[in-house]
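K.L.:
Sharing a structure with you now.
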Amino acid sequence: MTNHWIDIRNSNCILVMGSNAAENHPISFKWVNMAKDNGATLISVDPRYTRTSALADIYAPLRSGTDIPFLGGMIKYILDHNRIQFGYVSEYTNASFLIDERFDFHDGLFSGYNPKTRKYDKSSWKYQLGKNGIAKRDKTLKHPRCVYQLLKKFYARYTPEKVSSITGTPKDKLLKVYEAYSQTYKPDKAGTCMYAMGWTQHTVGTQNIRAMAMIQLLLGNIGVAGGGINALRGESNVQGSTDHCLLWHIIPGYLKTPRASDETLEKYNKHYTPTTKDPLSANWWGNYAKYSVSYLKSIYGKAARPDNEFGYQYMPKVDDGKNYSWLMIFDEMSRGKFKGFLAWGQNPACSGANANMVRESLGKLDWMVTANLWETETAAFWKRPGVDPKGIKTEVFLLPCAASMEKEGSITNSGRWSQWRYKAVDPPGEAKPDSEIIHALYKRLKTMYEKEGGPVKEAFLNMKWDYGARGGSLVDIHKVAKEINGYDLTTGKLLPSFGKCKADGTTSSGNWLYCASYTEKGNMAARRGAIDRSGIGLYSEWSWCWPVNRRIIYNRASVDTMGKPWNPKHPVIQFKGLVKDGKYVTKKWVGDVPDGGWYPMQNPDGSWRKDTKRPFIMKPEGVGRIFGAGRAEGPFPEHYEPLECPTPNLMNSQQFNPVTARLDKNGNPLFKTAKVCDPRFPIVCTTYRVSEHWQTGAMTRNIPWLVELMPQMFVEMSRELAEQKEIKNGEWVSVVSPRGTARAVAIVTERFKPFKVGDATIHEVGIPWCFGFMGLAKGDSANLLTPSIGDANTMIPETKAFLVDVRKGVK
Amino acid sequence: MAIDKAIMYDMSKCTGCRGCQVACMQWNQLPAEKTINHGTYQNPMELDGTTWNLIEFKELNDREGFRWAFFSHRCMHCMDASCLYVCPSGAIKRSPHGFVYIDQTICIGCKNCVMACHYHIPKVNKDTGTAMKCRACLDRVEEGMVPACVKTCGPGALSYGNRAAMLAKAKKRVSELYEKGYNRAQIYGDTQAGGTHVFYVLTEDPKVFGLPRQPRVVSKRPISILTSSLITIIAAAIIGLAGILKFRERGIYRKGGENDGS
């Protein structure tokens, strides 16, 4: 989240799209209902009428996989009705920037496409630079090559009629949503979006979110209270684990995993340090080397010296151009390329796309360790129904873990709040906190390395590891938290903030974003100050939030160029410096921690200051990107259909995302997919969660009260489809995809309606992905059906839109 | 004399998450039932001896379009409580806060209350043979805490407080909903059955949830002590004294104070 949970209450219009917050983030509706009490409009856009829709002022259905047309149509509506917040857009975004004359777009493809490599040469996707090396701008937004005009031209195709024919959303509903949401362009109004996996789990997932980010910039909704781009995280600490490098391509603090071609630390730092010639750009990532060196000092301690590149060569490196994400792991595993696998706090046999393939792949291992609270489907894959355990060679170890209430530590919520938790009870039996299991593993490996040697021995033995408490198996979790914050190594004191990080090896920080979380003043995450001094619910003394306790990021965009809040009723920050002769002469911001404490861009007399910076400090140009050249598909999101879909692409002749890796064509026999408009699988299927079960249900399907509420796998479908298939409500049916079959109870409901797409009627069904063959409530996993195809940028699997057939009865 | 308290359920804020349904079972240590999916999210399908608060899911479609309505079906703790009037053993009592509860050590399982309640609330628990229903978390309320369902409600659909204040809040809410275009917005339980201690802010017609517009209370006067004693004796003779003692032993409630949650 750019903002945070409580801030939802400040919103005037809440768009819940790509998520089902009422069901899957129930507590969020405390704040949604508060906003509604204050007059906010709640919009629910979802293929199916959900518990969120039940409370919404406007509900609009859309066919799964068509979010970009829906949002693209909104961009057109905003531009056609001149609903942009002009001052914000012209000053704080790149709408005014002029784009290279060679940049072009034709029939679904941007300039620079190479069909052989399925990649773009992005050299034309750039700004026109002036002689000073700074991008040329036209702040009137009239120049034909400025981003604003290119945007207008690009989305001119996304008419309500066209959009409706693709998404299946009735035109009147579409316009109702556009009208309500675009009203937040007014400076004193804010709109927010609450999204989750309904936007990400598509082959165009990243571009779905980009489209919304562009809308938010056009309406002036980023940085302000009640606005932002708000990802609702699906696990209590998934934000924390992402911050600390859950994903393969980053190391803690969103630093980049070194590639083989980043041969030296110098090359590595240079590669990832953006530069700018614009004196008004803070270009925060210009500090990259300070954070990467502090990280190395934290990991390798005394072994990280200036003469050995601070231990950079100990770091593992990934091959250039190779992807190591989820789908690839199981692709390789299925080909027998791994010996062992640690499935830690995860249940891929249920949660992984194409779960039959995942389960097969696990059988190719020599050994697997699962660390979990329960014997999950992953731990029990070798005795799954229909399989003879004798035929599986994998040796499986189950390490029982402590649950969150059985250990101490921090969790970071969606709003980036790192909140300290205390241990309430001892873990049962032999269960141990994860940190102690890792500590024991480290100690055992260390002894083995010392005695027997082995690959990367030095890298392993040179790691700084002083987390043990009293020499035993216990871990002092406070030492870990302090290491994450980092130290001034010349004084041994904890760093007060990342502003003090240095690239010369005199500071350490395990994660620069968390620098300031545990200082000489104490453990900031453990703070419980319940007073809100802001009036907008920042609660700045409750726990701690990254970065530097800034509760709303990009908050310098919440004020005009003179430092006055766009919305005086909900000021995030405001400038209160002294004025002399029409000029600001002292620096003073009040409210949230500002995104850099520079002077406002303009003096009260209207003169422009030179000792200031633009608000979007993480970008080298200092402004929000409506034209975003960083993504694989192109600077503006364009509609491509899901890999498996029942209709041709009505927007352009590129059926499918032209840059996504075609895993379905990489020769793995387990990657089975349906064809476009495949007559065997005519129905769109999507997956989701329910309030009553959490993730794969490993915890909740073992709790009898929750099992009572949601006992069995189900499939929701429209009355029209049920009639066609002669299926009765409550009857068992089979949902079949090219990859597997899931047996489910039919819930025949008016909450699903057939979609009118082009001239065709398209049916969609939905299934929850919380079931599996273990636990008290057993059922077929939804992921038995889902495809192994991923987003072009992230490779997140497309589990929200694929093709199935529904058949009466079960075998 | 304590002030009358009340629980207010505002269906316009309910997300149907069923946190209250689980919290009720957890606080009261009610066993889970083995259920199947009946083609709806609702489960179990009806209130019973171990489900005292049931969220019902109703799909409605009329001139105003499609709606999915959630409703918390549970004891309303009437001022004119038929169950209390017809209870022969004196097991059904009123707490100082106005809530109606069934004393499990006295209940003989005669089902008079089951039949008398126009809201079809009390049900006989199969294990104990006694009648059971929501007791408004008597043990919590007496300690100054809010009922478990209210405590767990994130969206703010459930609230608890002095009955008069809750009613004022409900009235304000209804007028707000009217302004937003909810033409059916109304309070249910302000006057019905003499006024209730669990009352509703509804945005649908009460009959959708099986609520009679004005329920008929069976008798305004409790059965006389003499009659009630007589019935008790006869009933005891039939069921057997040993049986009654066994009910006591089997009682699933512990004395309050062990669970110190709030």
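As they're listed, the protein sequences go chains A and B. Numbering follows this note's numbering, in which position 476 of the first sequence is assigned residue number 476; successive positions increment by one, without gaps. Numbering follows this note's numbering, in which position 144 of the second sequence is assigned residue number 1144; successive positions increment by one, without gaps. Note that the Cβ used here is the ideal one computed from N, Cα and C, for glycine as well.
1) Measure the alpha-carbon distance for His1077/B versus His1197/B and round it to whole angstroms.
2) From this set, Gly198/A, Gly336/A and Thr192/A, which residue's C-alpha is nearest Leu217/A's C-alpha?
3) Could you tell me the boundaries of the alpha helix (DSSP H) in which Gly240/A lies?
4) Residues of chain A with CB under 9 Å from Gly1039/B, in chain order?
5) Considering Cα atoms alone, identify which of Thr50/A, Gly65/A and Ile626/A is closest to Ile58/A.
6) Hey, out of Lys116/A, Met713/A and Lys725/A, whose CA is closest to Ala744/A's CA?
7) Which of helix, strand or coil does DSSP assign to Arg1074/B?
8) From Pro1044/B to Lys493/A, what does the alpha carbon distance come to, in whole angstroms?
9) Please confirm whether Lys30/A has its beta-carbon closer than 7 Å to some beta-carbon of chain B.
10) How would you call Asp592/A, buried or exposed, if buried means at least 16 neighbouring beta carbons within 10 angstroms?
11) How long is the line joining the alpha carbons of Lys482/A and Tyr518/A, rounded to whole angstroms?
12) Is Ile329/A closer than 7 Å to Gly363/A when the C-beta atoms are compared?
13) Quick check on this structure: which residue in Ser435/A, Asn3/A and Asn485/A has the alpha carbon closest to the alpha carbon of Tyr467/A?
14) If distances are taken between C-alpha atoms only, which option among Asp7/A, Thr2/A and Tyr554/A comes closest to Asp532/A?
15) Can you name the start and end residues of the beta strand (DSSP E) that Gly740/A belongs to?
16) Cα-Cα, which of Lys256/A, Asn283/A, Trp326/A and Thr159/A is closest to Lys317/A?
17) Can you name, in chain order, every residue of its own chain whose Cβ lies under 8 Å from the Cβ of Ser90/A, other than the five neighbours on each side?
18) For Met34/A, does the three-state DSSP call read helix, strand or coil?
19) Any idea what DSSP makes of His763/A, helix, strand or coil?
20) Cα separation between Arg807/A and Trp705/A?
21) Taking the beta strand (DSSP E) that Arg1094/B belongs to, which residues open and close that run?
22) Rounded to a whole number of angstroms, what is the C-alpha to C-alpha distance between Leu62/A and Asn783/A?
23) Could you check the C-alpha separation between Ser294/A and Gly223/A for me, to the nearest Å?
24) Nearest-angstrom Cα distance between Ala196/A and Lys302/A?
25) In chain order, what residues of the segment 1040-1074 of chain B put their CB closer than 8 Å to some CB of chain A?
26) For a cutoff of 7 Å on Cβ pairs, would you count Ser691/A as touching chain B?
27) Since I believe Leu174/A is in contact with Ser164/A (beta carbons under 8 Å), could you give me their beta-carbon distance rounded to a whole number of angstroms?
28) What does DSSP give as the partner residues of Glu1059/B in its beta bridges?
29) According to the neighbour-count rule (16 or more other Cβ atoms, all chains shown, within 10 Å of its Cβ), is Tyr268/A buried or exposed?
30) Rank Val358/A, Ala353/A and Leu365/A by C-alpha distance to the C-alpha of Phe338/A and give the top, closest one.
31) At a Cβ cut of 9 Å, what residues of the segment 42-60 of chain A count as close to chain B, listed as they run along the chain?
32) Measure from the C-beta of Glu309/A to each C-beta in chain B and report whether the shortest distance is under 7 Å.
33) Just to confirm, are Ile1108/B and Ser1095/B a CB contact at a threshold of 7 Å?
34) For Asn33/A, which residues in chain B fall below 7 Å Cβ to Cβ?
35) According to a CB-to-CB cut-off of less than 8 Å, which residues of the segment 681-707 of chain A neighbour chain B?
36) Looking only at its chain, what residues have a beta carbon closer than 8 Å to the beta carbon of Cys146/A, apart from the 5 residues adjacent to it on each side?
P.N.:
Taking the structure as given:
1) Indexing the second sequence from 1 puts residue 1077/B at position 77. Indexing the second sequence from 1 puts residue 1197/B at position 197. Cα-Cα distance, rounded: 5 Å.
2) For the purposes of this step, residue 217/A is taken as the residue at position 217 of the first sequence. Checking every option, the nearest Cα to that of Leu217/A belongs to Thr192/A.
3) Stepping through the first sequence from its first residue, residue 240/A is reached at position 240. Note, Gly240/A: alpha helix (DSSP H), Val238 to Asp243.
4) Here the question's residue 1039/B lines up with position 39 in the second sequence. Phe714, Lys728, Asn729, Gly730, Glu731, Val745, Ala746, Ile747, Val748 and Thr749, listed in chain order.
5) Here residue 58/A is taken as the residue at index 58 of the first sequence, counted from 1. Cα-wise, what sits closest to Ile58/A is Thr50/A.
6) Position 744 of the first sequence, counted from the first residue, corresponds to residue 744/A. Per the Cα distances, Met713/A.
7) For the purposes of this step, residue 1074/B is taken as residue 74 along the second sequence, with counting starting at 1. Note: Arg1074/B maps to strand in three-state DSSP.
8) Position 44 of the second sequence, counted from the start, is the residue given in the question as residue 1044/B. Position 493 of the first sequence, counted from the start, is the residue given in the question as residue 493/A. One C-alpha to the other measures close to 59 Å.
9) Your numbering for residue 30/A matches position 30 in the first sequence. Judged by the 7 Å Cβ criterion, Lys30/A is in contact with chain B.
10) Here residue 592/A corresponds to residue number 592 of the first sequence, with the count starting at 1. Buried, since its Cβ has 16 or more Cβ neighbours within 10 Å.
11) Counting from 1 along the first sequence, the entry for residue 482/A is found at position 482. Counting from 1 along the first sequence, the entry for residue 518/A is found at position 518. Computed Cα separation, rounded: 6 Å.
12) Looking up residue 363/A in the first sequence gives position 363. Looking up residue 329/A in the first sequence gives position 329. Contact flag unset, no.
13) Here residue 467/A corresponds to residue number 467 of the first sequence, with the count starting at 1. Residue Ser435/A is the option with its Cα nearest to Tyr467/A.
14) Here residue 532/A is taken as the residue at index 532 of the first sequence, counted from 1. Per the C-alpha coordinates, the member of Asp7/A, Thr2/A and Tyr554/A positioned closest to Asp532/A is Asp7/A.
15) Your numbering for residue 740/A matches position 740 in the first sequence. That run of the beta strand (DSSP E) goes Gly740 to Val748.
16) In the first sequence, counting from the first residue as 1, residue 317/A sits at position 317. When Lys256/A, Asn283/A, Trp326/A and Thr159/A are compared, the shortest CA-CA separation from Lys317/A is found for Lys256/A.
17) Here residue 90/A refers to the residue found at position 90 when the first sequence is read from its first residue. Hits under 8 Å: Ser96, Lys139, Thr140 and Leu141.
18) For the purposes of this step, residue 34/A is identified with residue 34 of the first sequence, where counting begins at 1. DSSP places Met34/A in helix when its eight states are reduced to three.
19) The residue labelled residue 763/A in the question sits at position 763 within the first sequence. Here His763/A sits in coil by DSSP.
20) As a position in the first sequence, residue 807/A is number 807, starting the count at 1. As a position in the first sequence, residue 705/A is number 705, starting the count at 1. Rounded to whole angstroms, Arg807/A to Trp705/A spans 31 Å at the Cα level.
21) What you label residue 1094/B is simply residue 94 of the second sequence in a count that begins at 1. Here the beta strand (DSSP E) through Arg1094/B covers Ile1092 to Arg1094.
22) On the first sequence, residue 62/A is found 62 positions in, with the first residue counted as 1. On the first sequence, residue 783/A is found 783 positions in, with the first residue counted as 1. Looking at the two C-alpha atoms, the distance is approximately 22 Å.
23) Here residue 294/A is taken as the residue at index 294 of the first sequence, counted from 1. Here residue 223/A is taken as the residue at index 223 of the first sequence, counted from 1. Using only the alpha carbons, I get a separation of about 29 Å.
24) Numbered from 1 along the first sequence, position 196 holds the residue referred to as residue 196/A. Numbered from 1 along the first sequence, position 302 holds the residue referred to as residue 302/A. Going from the Cα of Ala196/A to the Cα of Lys302/A covers about 42 Å.
25) Thr1040, Tyr1041, Asn1043, Pro1044, Glu1059, Asn1061, Phe1066, Arg1067, Trp1068, Ala1069 and Phe1070
26) Translated into positions along the first sequence, residue 691/A becomes position 691. Yes, contact with chain B.
27) Start at 1 with the first residue of the first sequence, and residue 164/A comes out as number 164. Start at 1 with the first residue of the first sequence, and residue 174/A comes out as number 174. The Cβ separation is near 6 Å, so the contact holds.
28) By one-based count along the second sequence, residue 1059/B stands at place 59. In DSSP, Glu1059/B forms a bridge with Trp1068/B.
29) As a first step, residue 268/A is located in the first sequence; it is residue number 268 there, counting from the start. Classification of Tyr268/A: buried, given that the 10 Å Cβ count is 16 or more.
30) Along the first sequence, one-based indexing puts residue 338/A at 338. Answer by Cα proximity: Leu365/A.
31) Tyr49, Thr50, Arg51, Thr52, Ser53, Ala54, Leu55, Asp57 and Tyr59
32) Here the question's residue 309/A lines up with position 309 in the first sequence. No, its Cβ sits nowhere closer than 7 Å to a Cβ of chain B.
33) Indexing the second sequence from 1 puts residue 1108/B at position 108. Indexing the second sequence from 1 puts residue 1095/B at position 95. Against a cut-off of 7 Å, the Cβ pair of Ser1095/B and Ile1108/B comes out as no contact.
34) Start at 1 with the first residue of the first sequence, and residue 33/A comes out as number 33. In chain order: Lys1013, Pro1155 and Gly1156.
35) Val690, Ser691, Glu692, Pro704, Trp705, Leu706 and Val707
36) Translated into positions along the first sequence, residue 146/A becomes position 146. These residues qualify, in order along the chain: Ala95, Ser96, Phe97, Leu98, Ile99, Arg137 and Asp138.
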